[in-house]
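Reviewing the structure listed below.
Protein chains: 2
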Amino acid sequence: MKKDASSFFKTIQDQISAAVEEADGLASFKQDNWTREESSARGTTMDGGGGRSRVLEEGAVFERAGVNFSEVSGTLSAEMCEKLVSQKSSLPFYATGVSLVFHPLSPMIPTVHANFRYLEVGEKKWFGGGTDLTPYVLFKEDAQHFHKKLKESCDRHAVADYQAFKNACDKYFYLPHRKEHRGIGGIFFDYMGREDGENLEDIFHFVKDMAQGFNDCYSPIVAQRKDLPYGEKERDFQLLRRGRYVEFNLIHDRGTQFGLKTGGRTESILMSLPPLVSWKYNQQPEPDSNESKLLEVLSNPVEWLA
Amino acid sequence: MKKDASSFFKTIQDQISAAVEEADGLASFKQDNWTREESSARGTTMDGGGGRSRVLEEGAVFERAGVNFSEVSGTLSAEMCEKLVSQKSSLPFYATGVSLVFHPLSPMIPTVHANFRYLEVGEKKWFGGGTDLTPYVLFKEDAQHFHKKLKESCDRHAVADYQAFKNACDKYFYLPHRKEHRGIGGIFFDYMGREDGENLEDIFHFVKDMAQGFNDCYSPIVAQRKDLPYGEKERDFQLLRRGRYVEFNLIHDRGTQFGLKTGGRTESILMSLPPLVSWKYNQQPEPDSNESKLLEVLSNPVEWLA
Numbered sequence: 001m002k003k004d005a006s007s008f009f010k011t012i013q014d015q016i017s018a019a020v021e022e023a024d025g026l027a028s029f030k031q032d033n034w035t036r037e038e039s040s041a042r043g044t045t046m047d048g049g050g051g052r053s054r055v056l057e058e059g060a061v062f063e064r065a066g067v068n069f070s071e072v073s074g075t076l077s078a079e080m081c082e083k084l085v086s087q088k089s090s091l092p093f094y095a096t097g098v099s100l101v102f103h104p105l106s107p108m109i110p111t112v113h114a115n116f117r118y119l120e121v122g123e124k125k126w127f128g129g130g131t132d133l134t135p136y137v138l139f140k141e142d143a144q145h146f147h148k149k150l151k152e153s154c155d156r157h158a159v160a161d162y163q164a165f166k167n168a169c170d171k172y173f174y175l176p177h178r179k180e181h182r183g184i185g186g187i188f189f190d191y192m193g194r195e196d197g198e199n200l201e202d203i204f205h206f207v208k209d210m211a212q213g214f215n216d217c218y219s220p221i222v223a224q225r226k227d228l229p230y231g232e233k234e235r236d237f238q239l240l241r242r243g244r245y246v247e248f249n250l251i252h253d254r255g256t257q258f259g260l261k262t263g264g265r266t267e268s269i270l271m272s273l274p275p276l277v278s279w280k281y282n283q284q285p286e287p288d289s290n291e292s293k294l295l296e297v298l299s300n301p302v303e304w305l306a
Numbered sequence: 001m002k003k004d005a006s007s008f009f010k011t012i013q014d015q016i017s018a019a020v021e022e023a024d025g026l027a028s029f030k031q032d033n034w035t036r037e038e039s040s041a042r043g044t045t046m047d048g049g050g051g052r053s054r055v056l057e058e059g060a061v062f063e064r065a066g067v068n069f070s071e072v073s074g075t076l077s078a079e080m081c082e083k084l085v086s087q088k089s090s091l092p093f094y095a096t097g098v099s100l101v102f103h104p105l106s107p108m109i110p111t112v113h114a115n116f117r118y119l120e121v122g123e124k125k126w127f128g129g130g131t132d133l134t135p136y137v138l139f140k141e142d143a144q145h146f147h148k149k150l151k152e153s154c155d156r157h158a159v160a161d162y163q164a165f166k167n168a169c170d171k172y173f174y175l176p177h178r179k180e181h182r183g184i185g186g187i188f189f190d191y192m193g194r195e196d197g198e199n200l201e202d203i204f205h206f207v208k209d210m211a212q213g214f215n216d217c218y219s220p221i222v223a224q225r226k227d228l229p230y231g232e233k234e235r236d237f238q239l240l241r242r243g244r245y246v247e248f249n250l251i252h253d254r255g256t257q258f259g260l261k262t263g264g265r266t267e268s269i270l271m272s273l274p275p276l277v278s279w280k281y282n283q284q285p286e287p288d289s290n291e292s293k294l295l296e297v298l299s300n301p302v303e304w305l306a
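These protein sequences, in sequence, are chains A and B. In terms of the working numbering, the first sequence is residues 1 to 306. In terms of the working numbering, the second sequence is residues 1 to 306.
Below you can see the structure in the form of structure tokens.
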């Protein structure tokens, strides 16, 4: 499974980077291959592995797009094993996955994030992942398209439950100090297969379907919105909202925290941060504006397919 | 002591805001008074209190300057009491203080942070605080001036130890995932008086001296640097370095974390974030450039008064 998963994730990185470059039309990805030396940063001992980080910056469509593939292994501390697999002893681990965040230049195009991963800790094996959309201007039909595609992928697999994954996504991408969700949601799943290893192959099929369907979820939205005109007002609002993205990733995101705390490659982990961001004191959108309509939806998650 | 401390901190807020407005010459502070309703967010029950938040934005010298005064009280969870006073029971607490961050527009002027606070938890009482400087272009004489003023304040008080506080500052304002310190340091002290309440008055004298001396530490640097010319290169580097400021405050800063997690006023807490920030993948300064000279100092703290 390790080999199948990691080779699949590499292929997905290729497919998705190709689609981004095509959509962008101007910039191309720079790739950094990195390898991990053994390290014993907080709770983990790595005994190798590495990754392929790809970043595209200052494109025509994407101000920054990052797609990471990684495959690492080593030994996990008893403390972390207790958290992950309820066993209070140090265990060998293996993790591979692909993770991406695209920050478009135009505020008319939403930011997207996706992650698909396979983990082994001791005898336990599982998949996790998901994808979610963060718009700066709300187009209902984009949110509906994104969720519809995700539901279709889920519906093709007995192991997947769109509604449960959609709810988990709304719950996960939430900023308690702002009482806001990060975006209009998507799906989020974790520990799939950990308790009952028997259907791991079925779960892998679902993850494959989901990852291969990613371009169909996002690319049509980019195509639809990339030529829309916008002004300073929309751009300013986008920069402010990107501040929330930073707040979520640095304060709450488990992947970011895990990566930074276990001594991962900082530049690859923080690739998810937007290229330009602003904070302004106590900014409140005007009533009935586009901005306040978006905030309404971020405060109260919507059933897009209802 | 509560009354003396909170009234002193209010006066300090006034003195420092007046100096900032004078130095800026264009913008003035907006003030928000806020009160806290009882809340039981994670580990704290507040039974009142509030604060005065002051923000100045888009000034001629300061792109953003925030000075907060607050005074809150309530009951602290057993878990937090164990951390703070090694007593595993829920106890009443009181906290008052003033906290500031100034982000100048010009990259030739350093960002400055300061905080002075008084706390009571059960029978224990203590002061904490400090101030530190984050330059974007290194002027050795600014760092020396800042540290010299701080050392003079410390040297006037038997309870204060410049070298110990300077080392604590270097240690605290550190980003392990970047292997960089946040700036060129300053002083940092905490729990002063907690174990031996007898010299609390002396400690208060020291804190007063330090807070009243703040303008003399920082204002001469602003005056010296504010008319220096700079270009896009310096501005770009400033925006990138501000990213590190955000990373420190959101990932590491105890005050920010404590505030956000106990349900403090988000807009007052995050006033410390810079108005405009950028992240760029794997940016490395040219050898022997001003940028690399600064990074050298941020990687290896300097004894500025040696």
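Built from N, CA and C at the ideal position, the CB exists for glycine as well.
Check	Outcome
With H, G and I counted as helix, E and B as strand and the rest as coil, what does DSSP make of Glu120(A)?	strand
Roughly how many angstroms separate the alpha carbons of Arg52(A) and Val72(A), rounded to a whole number?	12 Å
Please classify Gly25(A): is it buried, with 16 or more other beta-carbons within 10 angstroms of its beta-carbon, or exposed?	exposed
Hey, does Glu247(B) have any beta-carbon neighbour from chain A nearer than 8 Å?	yes
Give a yes or no on whether the minimum CB-CB distance between Met80(A) and chain B is below 8 Å.	no
If we count Cβ pairs, one from each stretch, closer than 8 Å, do we get three or more for the stretch 116 to 134 of chain B versus the stretch 195 to 209 of chain B?	yes
Which one of Ser6(A), Phe214(A) and Val55(A) has the shortest CA to CA distance from Gln15(A)?	Phe214(A)
Output yes if chain A places a C-beta closer than 8 Å to the C-beta of Met1(B); else output no.	no
In the DSSP assignment, find the unbroken alpha helix (DSSP H) run with His147(B) in it and report its ends.	Lys140 to Asp155
Assign Arg319(B) to buried or exposed, taking buried as 16 or more other Cβ atoms, counted over all protein chains shown, within 10 Å of its Cβ.	Coverage of chain B is limited to positions 1 through 306, which leaves residue 319(B) absent and any answer about it impossible.
Could you give the distance in angstroms between the alpha-carbon of Ala223(B) and the alpha-carbon of Pro104(B)?	12 Å
With a CB to CB cut of under 6 Å and the five nearest residues on each side skipped, what residues in its chain are close to His147(A)?	Trp304 and Leu305
Three-state secondary structure (DSSP) at Met1(B)?	coil
Let me know the secondary structure DSSP gives Met108(B) once reduced to three states.	coil
Please report the straight-line C-alpha distance between Leu294(B) and Val137(B), rounded to a whole angstrom.	7 Å
Indicate the three-state DSSP secondary structure (helix, strand or coil) for Pro220(A) in the structure shown.	helix
Take Asn33(A) as the anchor and find which of Ala27(A), Val20(A), Ala23(A) and Lys10(A) has the nearest alpha-carbon.	Lys10(A)
Does the Cβ of Leu228(A) have 16 or more other Cβ atoms within 10 Å, making it buried, or fewer, making it exposed?	exposed
So which of Tyr281(B), Pro275(B) and Pro287(B) has the shortest CA-CA distance to Val101(B)?	Pro275(B)
Along the chain, where does the beta strand (DSSP E) containing Ile311(B) start, and where does it finish?	With chain B running from 1 to 306 in the structure shown, residue 311(B) is simply not present.
Taking a Cβ distance cut-off of 8 Å, strictly less, list which residues of the stretch 273 to 304 of chain A are near chain B, in chain order.	Leu273, Pro274, Pro275, Leu276, Val277, Ser278, Trp279, Lys280, Tyr281 and Asn282
Can you tell me whether Glu63(B) is buried or exposed? The criterion is at least 16 other CB atoms within 10 Å of its CB, across all chains shown.	buried
Evaluate the contact criterion for the stretch 147 to 167 of chain B versus the stretch 238 to 253 of chain A: three or more CB pairs, one atom per stretch, below 8 Å.	no
What residues in the stretch 58 to 85 of chain A have a beta carbon less than 8 Å from any beta carbon of chain B?	Arg64 and Gly66
By how many angstroms is the C-alpha of Asp4(B) removed from the C-alpha of Asp236(A)?	43 Å
Whose C-alpha, out of Val85(A), Val20(A) and Ser268(A), is nearest the C-alpha of Trp279(B)?	Ser268(A)
Decide if Asp288(B) is buried, meaning its Cβ has at least 16 other Cβ atoms within 10 Å, or exposed.	exposed
Report the neighbours of Met271(A) on chain B: residues whose CB is nearer than 7 Å to its CB, in chain order.	Tyr281
Are there 16 or more other CB atoms within 10 angstroms of the CB of Lys124(B), so buried, or fewer, so exposed?	buried
DSSP state of Asn300(B), grouped into three classes?	coil
Taking C-alpha atoms, which residue in Ile221(A), Leu260(A), Leu175(A) and Ala168(A) lies nearest to Arg108(A)?	Here residue 108(A) is Met; the residue named in the question, Arg, does not match the sequence. Of Ile221(A), Leu260(A), Leu175(A) and Ala168(A), the residue nearest in Cα terms is Ile221(A).
State yes or no: is the C-beta of Gly183(B) within less than 8 Å of the C-beta of Leu150(B)?	no
Once you ignore the five residues that flank Ser28(A) on each side, which residues in its own chain have a CB closer than 6 Å to its CB?	Glu21
By the DSSP assignment, the beta strand (DSSP E) with Asp196(A) in it spans what residues?	It is not in any beta strand (DSSP E) - Asp196(A) carries neither H nor E in the DSSP assignment.
Quick one: which unbroken alpha helix (DSSP H) runs of 4-plus residues sit fully inside the stretch 210 to 255 of chain A? Chain order, please.	214 to 225 and 232 to 247
Using a beta-carbon distance below 8 Å, is Ile16(B) in contact with chain A?	no
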